[in-house]
Every structure is written in structure tokens, then in C-alpha cells.
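Protein chains in written order, with the numbering used here: chain A, 1 to 458; chain B, 1 to 160.
C-beta: ideal position from N, C-alpha, C; glycine also.
Here is the structure we will look at, set down as C-alpha cells.
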Amino acid sequence: MTLLGLAGAYFTLFVGGAGVALLILRASPRLNLIECACLAWLFGVGVVSLLSWLGGTLTSGIVLQCLVALFCLALGISGWRLTKRREVHFSLPRPNSRLEWILAAALLLELLIIFVVCLKHTLGWDGLFNWELKARYAFLNSGILPQSYYSSPGRAFSHPEYPLAIPFTELWLYLWMGEPNQFWIKTIFPLFYSAGALLVPLLITRLTGKRWLGLLIALLLPFVPFVTASPGGVIVGYADIPLSIYYVTALGYLLCSLDRKLSYSFTIYGATLTLIPWIKSEGAILWSLLALLGLAVGLYQHRIRPAILSILPGLFLIISWRVYLYLVHAVIPSDFARPTLPLLSVNLNRLGAIIGAAFAEITETSHWSIFWLLALVAIIYLLVARTLSRFLLVIGVLGPVILYLLTYLFSVWPSYTAHITSSLPRLLLHVMPATWLAIGLALSSPKTQSETPEPKLG
Amino acid sequence: MRARLYLHIGFWCALFAVFLALSLPIVGPAILENKIGPIDPNHSTDSYLGGLTHVRNGSQPFSNLLETVPPNKSLIIFVDAESSPSEFLGMLVAYLAWPHDVRIVKVRGATLEQEIAAAKSSEIAGLFFCSIKPPASLTGGTHFGSAIIFVPSVRLGPNP
């Protein structure tokens with residue numbers, strides 16, 4: 001029964017997400033099945049978690065579950081009918097050469113290994129207390145996270161203020177399985193990883209025209225030790241890898257809309273951008289940066305209206321969540337003080353130590369090998385290319401790191417360096433897939449970087 | 001032009017070789033360690049309780065222990081502020097104690113007796129001590145494995 005329920009949960013989630021993906025991709029005459037599946041997962045998580053949260057304010061229990069499931073089915077049917085009406089063709093991209101076949105087979109094997117490795121480990125500290133705890137309590141309360149949870153100082157350690165995308169996806173599985181099950185919910189994390197490991201090569205292929213390069217980069221991705229061998233990576237049920245996948249998807253499609261001028265690319269950017277602050281609180285920082293990049297692209301392409309429209313849903317979601325937390329009297333444990341100019345001037349002397357701690361982290365080979373050296377070389381390559389899309393990618397990689405480091409100026413921990421040591425590695429993960437995207441683009445020789453190269457900057 | 005291309009390829013191949021050479025000794029063993037299972041609804045909490053208290057499949061017995069506690073009263077969880085395992089165990093107890101209201105008290109130095117005196121009230125269902133020894137005045141607590149002691153409120157004596 002448990003496995004049947006699990007299958008039902010995944011089916012409805014994928015159908016809902018596929019519906020959103022097909023509605024967005026309807027303008028494309030040909031649909032890549034792998035791309036559709038990856039986007040279906042990312043959007044499905046958003047649809048199910050948002051609907052469960054919003055629906056939970058009106059109803060509960062089996063009615064809530066049925067309403068969300070029906071909405072997912074309706075989305076799926078709408079998307080399917082639209083693609084039929086527009087005579088959109090589905091295609092499964094096949095490797096073109098022996099090298100691509102080998103790389104694709106190795107990638108499939110690698111994804112399978114990651115799936116098995118994820119099932120071997122327990123949920124980590126955050127995975128259990130920040131995410132699964134919310135799913136369990138909501139399940140035990142007919143699908144709604146009770147107000148007493150948000151306002152309980154005794155459970156402030158579980159960060160009631162964190163958004164609900166991951167816990168309510170886990171809740172969706174619980175509702176269908178009929179029990180809280182810490183083993184089977186671990187399956188969602190390799191799915192996030194797989195979506196990223198398939199979208200990164202797809203984006204690299206689209207931006208460079210070289211599929212083998214995309215596949216090679218996807219193969220190298222899990223060899224960053226922090227991804228597969230450290231607490232905080234893909235194996236322990238944290239939200240950092242999922243957040244990084246949404247980030248690279250939004251950033252990648254933004255670059256595609258700039259390089260390839262495909263309108264649906266910008267819509268996918270907008271849709272994934274909306275979900276970024278719903279995955280984890282730090283997503284608000286990534287969202288702000290990507291929103292600015294989107295506006296820059298909108299200005300460059302004289303399409304400012306779609307750029308503003310793509311920002312609004314995310315802004316609405318951020319505000320709605322803050323209002324909701326206020327209404328339920330959520331206890332918000334804060335690791336940071338409110339940023340003010342006087343506090344900034346007092347704490348500015350921390351800057352040296354922050355940079356020092358960051359340098360120590362990025363050179364920690366047991367966490368990163370020489371990944372950040374590869375990143376540095378890639379950034380130099382991209383800056384030398386002097387095109388807008390490569391420049392935006394550099395901002396997309398460096399921007400979050402700089403912003404994250406600046407937040408430690410306002411840390412209220414007794415030792416802000418201990419704060420950096422405990423959280424920076426996971427924050428760096430947020431830009432890890434985007435950095436691989438940058439490495440892939442840097443590797444591509446300038447001659448064939450894009451089928452429709454954009455003009456040089458300057 | 002061709003020389004530049006070879007240089008480019010050689011340079012990146014060298015970088016990737018170093019990257020993999022440093023990664024593989026870390027990633028390889030991490031992938032091979034552990035095995036799947038047990039496929040259990042309390043997979044993670046059982047594993048942590050097993051490690052910290054030496055109670056096998058402890059989540060269910062712990063929930064059974066809590067069923068004896070009045071649901072409308074809260075629980076106080078004492079942890080050692082200087083011990084990460086104690087703090088983690090306190091959070092685990094708080095996690096499993098739902099829907100009871102909980103309060104985690106981090107004890108520093110020899111302040112436990114004062115903390116207990118301050119915590120006593122008619123709204124308290126009991127006290128949990130996580131990897132921390134209760135004072136000698138509190139006798140008759142229920143031991144849960146090697147690291148958790150539960151003292152129900154009836155054993156606390158009169159409220160201040």
C-alpha cells in the first residue's frame with residue numbers, strides 16, 4: 001500500500017508539473033521529453049506545495065488531498081490538450097556519436113548510483129528538523145501545519161519561518177502513503193539532483209551547440225566532494241541542492257532567452273524564478289539577483305513588460321509568506337541583525353576575516369577539490385569572451401557568493417567566523433551547478449559557442 | 001589557431017585530471033559506505049536514537065512512553081549547552097514529543113537545580129534529561145536507553 005501511495009503521489013505531482021511545463025512550452029513546435037520531465041518535476045513540486053499550503057487555509061484532510069490532486073490532473077489535461085491542438089511533437093534526443101553514447105550511458109549509471117547512495121543515508125540535521133518535521137506535524141494534523149507549531153518557542157530550532165516547498169512535497173508523499181515515512185521521502189532528493197544533472201547539459205548544449213560537452217560536465221558534477229560526501233550535500237535531505245537546481249534552471253533559461261531569443265525560455269525563467277524563494281529563505285537573495293538580471297535582459301531586448309511580469313509572482317509569494325508568518329505569530333529565530341548603516345560601519349572591520357574564512361573554505365580540497373580554481377579559470381574565459389550572456393553568467397556565479405559573504409557583516413552569532421564555517425559551504429552549493437554551467441561555456445571554443453552569436457560588448 | 005585549440009584542450013584536461021585525482025579518494029569511499037535499509041517509517045530517528053541512547057527501533061517505544069503523559073501539558077527538556085550530542089538529543093526528544101508543547105533548557109555549569117526550580121509549574125507534565133544527570137533529589141525517573149531520563153511531574157514535589 002505504501003508503494004502504491006508513493007506512486008500515486010509522484011504521478012499526480014508529475015502530471016501537475018507537466019501541465020505547467022506544457023502550457024509554457026506550447027509555443028515550441030518540438031518538445032524535448034527529457035526537458036519536459038525535468039521541468040515537470042521542478043514545477044510539480046511548486047504546484048503541489050503551494051496548493052497544499054493555500055488549500056490548507058480553506059480545508060483539510062482527504063478533501064485537501066483530493067482538491068490538490070484534481071487541480072494537478074486538470075493542469076496536466078489542459079497542457080496535454082493544448083499541445084495536441086497546436087500539433088506539438090515530442091522527441092527524445094538521441095546521442096549523435098559514439099562519444100555521446102558513452103557519456104550518456106555513464107550519466108545514466110551515475111544518476112542510478114546517486115539514487116542508491118541517497119537511500120543509504122539518514123536524513124541529516126536540517127533534513128530531519130527543518131524539513132521532515134514540518135511534513136510530519138502537518139500530516140498528523142490532517143495536512144495543515146498547526147498554528148501552535150509556528151508560535152512555539154520550544155520548536156524554534158526547527159525554523160518555523162522557512163518556506164514550505166520541501167516539507168509540503170514530503171507531506172504530499174505522506175498523504176498518499178498514509179503514514180509519515182522517513183525512508184521513502186528521501187527519494188525526492190535524487191530526483192532534484194537528476195533534474196539538475198539533465199538540465200545543465202541541456203542548457204550547455206543549447207548555448208554551445210555541443211552535446212558531448214554538456215554530458216561531460218554533467219558527469220563531473222557529483223565529483224565535487226561536498227555534493228556527495230559531506231553533510232549538506234544531496235545525500236542528507238537538505239534544501240540546498242534543490243535550491244541550486246532551481247537557480248541554475250532560471251539562470252540558464254535566462255541566458256537561452258538572450259542567446260537564442262526563444263520566448264518560452266524567458267517564461268521558464270520567470271516560472272522557476274518564482275519558486276526560488278519558496279525553497280529556502282536564502283532563495284530571496286538569489287531571487288533578487290536573478291530578478292535584476294532578468295530586468296537587464298528585458299531592457300537589452302526592449303521587452304521590459306515581460307521582465308517585470310516575471311518578477312511579480314515571486315515578489316507576491318515572498319510578501320505573502322511574510323504576512324502569513326506574521327498572522328500565525330511565528331517565532332522567528334534570527335541569525336542576523338537588521339542591516340543598518342550604523343551597524344555596517346561598526347562591523348566593517350569583519351570584512352578581512354570574512355574574506356579569509358571564505359578563502360579557507362574554497363581552498364578546502366576535502367570539500368571542493370579544485371572546483372573553485374576551475375570556476376576562477378572559467379570566469380576569466382567568460383570575461384574575455386566579452387558578450388552580454390557570458391557577463392551575466394559571471395554575475396550569476398559571483399553575485400550570490402559576494403552577497404552571502406556580506407550578510408555575515410550582520411551576523412549576531414557570538415562568533416561570526418563560526419557562523420561562516422557552519423553555513424558557508426552549504427551556501428556555496430547554491431551556485432555550484434551554475435558554476436558548472438559557466439565551466440561548460442568556458443570550455444566551448446569561441447568558434448562554435450552559439451548558433452546565433454550575439455554582438456560583442458563594448 | 002590549431003595550437004591554441006590544443007593548448008586549450010590540454011589545459012582543461014590537466015585541470016579536470018587534478019580535480020578528479022583529489023575528488024575520487026573522498027567521493028569513492030563515501031559512495032561505498034553504508035547499505036540501504038532498513039526500509040522503516042522511522043528510519044532516521046531510529047538510527048539517531050540507536051546511536052545516542054543504544055535503544056534499537058527507539059521511536060515507537062519513545063512515543064509509547066509519551067502516551068502516558070497528559071497531552072495538554074508541556075514538557076521541559078534539559079540539555080548540556082556544551083555538548084552537541086546532548087543538544088541534538090534534546091531536539092530529537094522535542095521532535096518526537098509532538099503534539100506536546102516543549103521547552104528546551106540549555107544548562108551551563110552547575111545551574112541545573114536552579115533551572116529545575118524555575119521550570120516547576122502545574123502546567124508541566126514532566127522533565128527530560130538528555131545526556132545530562134538529574135540532581136539526586138529527583139529519584140524514580142524512567143530511563144530510556146543510556147542517555148534519556150524522564151521524570152514525570154508527580155515526582156517533582158510541590159510547585160513553588
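Query	Result
Residue of Gly61(A), Cys72(A), Gly196(A) and Leu216(A) minimising C-alpha distance to Trp101(A)	Leu216(A)
8 Å Cβ cut-off: residues of chain B touching Phe129(A)	Met91 and Tyr95
Chain A contact for Ala30(B) (CB, 7 Å cutoff)	yes
Anticipated Cβ contact below 8 Å, Val234(A) with Phe189(A), distance rounded	6 Å
Contact list for the stretch 39-69 of chain B against chain A, Cβ threshold 8 Å	Ile39, Asp40, Pro41, Asn42, His43, Ser44, Thr45, Ser47 and Tyr48
Contacting residues, own chain, Cβ-Cβ under 8 Å from Gly458(A) (five flanking each side not counted)	Low confidence applies here, because Gly458(A) scores a pLDDT of 39, under 50, leaving its location unreliable; read the following figure in that light. Cβ within range, chain order: Arg386.
Rounded C-alpha distance that separates Thr142(B) from Ser194(A)	46 Å
Counterpart residues of Ser411(A) in DSSP-defined beta bridges	Phe336(A)
Distance CB(Ser221(A))-CB(Trp436(A)) smaller than 7 Å	Checking the sequence, you will find Leu at residue 221(A) rather than Ser. Contact flag set, yes.
Option nearest Cys13(B) by Cα separation, candidates Val397(A), Leu405(A) and Val377(A)	Val377(A)
The beta strand (DSSP E) enclosing Leu344(A), as first and last residue numbers	Note, Leu344(A): premise wrong, no beta strand (DSSP E); alpha helix (DSSP H) at Leu341 to Asn347.
Delimiting residues of the beta strand (DSSP E) encompassing Pro153(A)	Element bounds for Pro153(A): n/a, residue is neither H nor E.
Residue-chain proximity (Pro453(A), chain B), Cβ-Cβ < 7 Å	Its pLDDT being 45, under 50, Pro453(A) is placed unreliably by the model, and the measurement read from it follows with that caveat. Answer no: the Cβ-Cβ gap between Pro453(A) and chain B never drops below 7 Å.
Counterpart residues of Asp80(B) in DSSP-defined beta bridges	Val107(B)
Proximal residues, the stretch 103-124 of chain B versus chain A, C-beta separation under 8 Å	Arg103 and Ile104
Cβ-based contacts, 9 Å cut-off: residues of the stretch 97-130 of chain A near chain B	Ile113, Ile114, Val116, Val117, Leu119, Lys120, His121, Thr122, Leu123, Gly124, Trp125, Gly127, Leu128 and Phe129
Selection of the stretch 175-190 of chain A by Cβ proximity to chain B, strictly under 7 Å	Glu179, Pro180, Asn181, Gln182 and Phe183
Any C-beta of chain A under 7 Å from that of Asn34(B)	yes
Check whether Ser60(A) and Ile144(A) have beta carbons under 7 Å apart	yes
Same chain, Cβ closer than 7 Å to Pro85(B), neighbours up to 5 away in sequence not counted	Leu52 and Ser131
Ranges of the beta strand (DSSP E) found wholly within the stretch 65-131 of chain A, counting only runs of at least 3	89-91
Under the three-state DSSP convention, the category Val20(A) falls into	helix
Cα-Cα separation between Leu199(A) and Pro61(B), rounded to whole angstroms	45 Å
C-beta contact flag for Gly55(A) and Leu67(A) at 7 Å	yes
is_contact[Ile332(A), chain B] using C-beta, thresh 7 Å	no
Proximal residues of chain B, C-beta to C-beta of Phe371(A) below 8 Å	Phe19
Neighbouring residues, chain A, relative to Ile149(B) (Cβ below 7 Å)	Under the 7 Å cutoff, chain A gives no residues; its nearest Cβ is about 19 Å from Ile149(B).
Residue-level contact to chain B via CB, Gly154(A), 7 Å cutoff	yes
Beta carbon of Ala119(B) nearer than 7 Å to that of Ile149(B)	no
Helix, strand or coil at Gly145(B) [DSSP, three-state]	coil
For Leu392(A), the nearest candidate out of Phe336(A), Ile166(A), Ala438(A) and Gly178(A) (CA to CA)	Ala438(A)
Under 7 Å between C-beta atoms of Tyr381(A) and Ala307(A)	no
Per-residue contacts from Leu7(B) into chain A (C-beta, under 8 Å)	Result: empty, since nearest Cβ-Cβ is about 11 Å, beyond 8 Å.
Inter-stretch contact at 8 Å, needing at least 3 Cβ pairs: the stretch 105-112 of chain A / the stretch 41-54 of chain A	no
Classification of His100(B) by the beta-carbon crowding that lies within 10 angstroms, buried from 16 upward	buried
Within 7 Å, strictly: CB atoms of Asp240(A) and Leu39(A)	no
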